[in-house]
Amino acid sequence: MSKDKRLCERRNKILEALSSRHTLLVSDLVVELQVSNETIRKDLIEMEKQGMVERKHGRVNLLINYADDLMYVRTTTNQSAKERIAAETIKHLPEGSSVFVGLDVGNTVWHVAKLLVSDPTKIVVTSSLDAANIYAEAGNPRLYCTGGQLREVDRGFYGYWSLQNLKSIHMSVCILGTVGIVNRDGIGAVSFDDRDAKLLYAKNSDMRIAIFDSTKCARGTLVEGLPWEAMDLVISDTGMPEADRERIEAKTRLVLV
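Quick look at the structure:
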């Protein structure tokens, strides 16, 4: 396993530990992960820069907004923006009697699934347990789940089975989410597994749409995802800072709602 992958997995373990407890002693993380104080210190400094955690008096706290994205706590945080983004996304989907739509893991993408479930012309392919649950609750069988190993922090399916199934499916369009874009020339990923899934969604789709609300402009991620130029369309809300607008518009089409 590469050094970068080990680092990413360790930081994901920190997020997983915090996702259920929200605050931990730094010394407890050292024991839990069996690494040195210096290693944990470097991890937490970088994660704090990325807007994931906050260090304070020997403790580390998971930032509330980041926790919401990881755990899919259905709050009112920027809900209206996410709903507008989802509604705009629907307008850009191709028409046809059997259009395959790939849905990534993500809270804003979940809002798209809520709208798609009533459309008999769309067939969804997803690695999101939450999106699959929407279809199960509605009794709509027009959904294929990638399967794979379920990760608790974002309720997504990852790993070998998920990637193998994605490789075998061609989609008309894929809709990709992200937890953050800070210091990224594109959408970020929370892990290498997340990045690999995003790459396959994009590779096997005729059209690629990235969607996220403007709060993601102030948050970072552990791994580079896909560059802006790999996207056919990016949809966000009008709260996006001007610098990010210019950066994205230089590479691809941007729609703000």
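In case it helps, our numbering puts the sequence shown at residues 450 to 706.
Here a beta-carbon is modelled for each residue, glycine too, at the ideal position from N, C-alpha and C.
Under the three-state DSSP convention, the category residue i falls into
{"i": "L671", "result": "coil"}
{"i": "S654", "result": "strand"}
{"i": "I636", "result": "strand"}
{"i": "I618", "result": "coil"}
{"i": "S577", "result": "strand"}
{"i": "P690", "result": "coil"}
{"i": "A535", "result": "helix"}
{"i": "V548", "result": "strand"}
{"i": "T570", "result": "coil"}
{"i": "S451", "result": "coil"}
{"i": "K700", "result": "coil"}
{"i": "V628", "result": "coil"}
{"i": "N527", "result": "coil"}
{"i": "T595", "result": "coil"}
{"i": "E695", "result": "helix"}
{"i": "L512", "result": "coil"}
Cβ-based neighbour list, residue i, same chain, cut-off 7 Å, excluding 5 preceding and 5 following
{"i": "L456", "result": "none"}
Contact under 8 Å by Cβ, residue i with residue j
{"i": "K700", "j": "E678", "result": "yes"}
{"i": "D686", "j": "R470", "result": "no"}
{"i": "G637", "j": "V672", "result": "yes"}
{"i": "R628", "j": "K665", "result": "Looking at the sequence provided, one finds Val at residue 628 rather than Arg. Cβ atoms of V628 and K665: closer than 8 Å."}
{"i": "V558", "j": "I660", "result": "yes"}
{"i": "E497", "j": "R504", "result": "yes"}
{"i": "G608", "j": "R644", "result": "no"}
{"i": "G635", "j": "P690", "result": "no"}
{"i": "S611", "j": "S576", "result": "yes"}
Given residue i as reference, the closest of the options once Cα atoms are compared
{"i": "N603", "options": "P590, A581, N556, I636", "result": "As written in the sequence, residue 603 is Asp, which differs from the Asn given in the question. Of P590, A581, N556, I636, the residue nearest in Cα terms is N556."}
{"i": "K616", "options": "L592, L649, R633, A466", "result": "L649"}
{"i": "L511", "options": "D642, T472, I630, L675", "result": "T472"}
{"i": "R591", "options": "D477, R600, F606, V574", "result": "V574"}
{"i": "D492", "options": "G688, T670, L675", "result": "T670"}
{"i": "A466", "options": "G500, S611, S451, V509", "result": "V509"}
{"i": "L703", "options": "G605, R657, A646, F606", "result": "R657"}
{"i": "S663", "options": "K531, S468, R460", "result": "K531"}
{"i": "N527", "options": "D655, F641, H560", "result": "H560"}
Contacts around residue i, its chain only, beta-carbon distance under 8 Å, and the 5 residues preceding and following it disregarded
{"i": "A667", "result": "G500, G629, V631"}
Test: residue i CB closer than 8 Å to a CB of chain D
{"i": "Y584", "result": "Given the protein chain composition of this structure (a single chain), no chain D is represented."}
Is the stretch 596 to 614 close to the stretch 561 to 569, with three or more CB pairs under 8 Å? no
Mind the definition here: the stretch 533 to 542 touches the stretch 579 to 591 only if three or more C-beta pairs lie below 8 Å; say whether that holds. No: the two stretches stay apart, fewer than three of their Cβ pairs being nearer than 8 Å.
So, does the stretch 620 to 634 touch the stretch 542 to 551, judging by three or more C-beta pairs under 8 Å? Taking a cut-off of 8 Å for Cβ pairs, the stretch 620 to 634 and the stretch 542 to 551 touch, as three or more such pairs fall below it.
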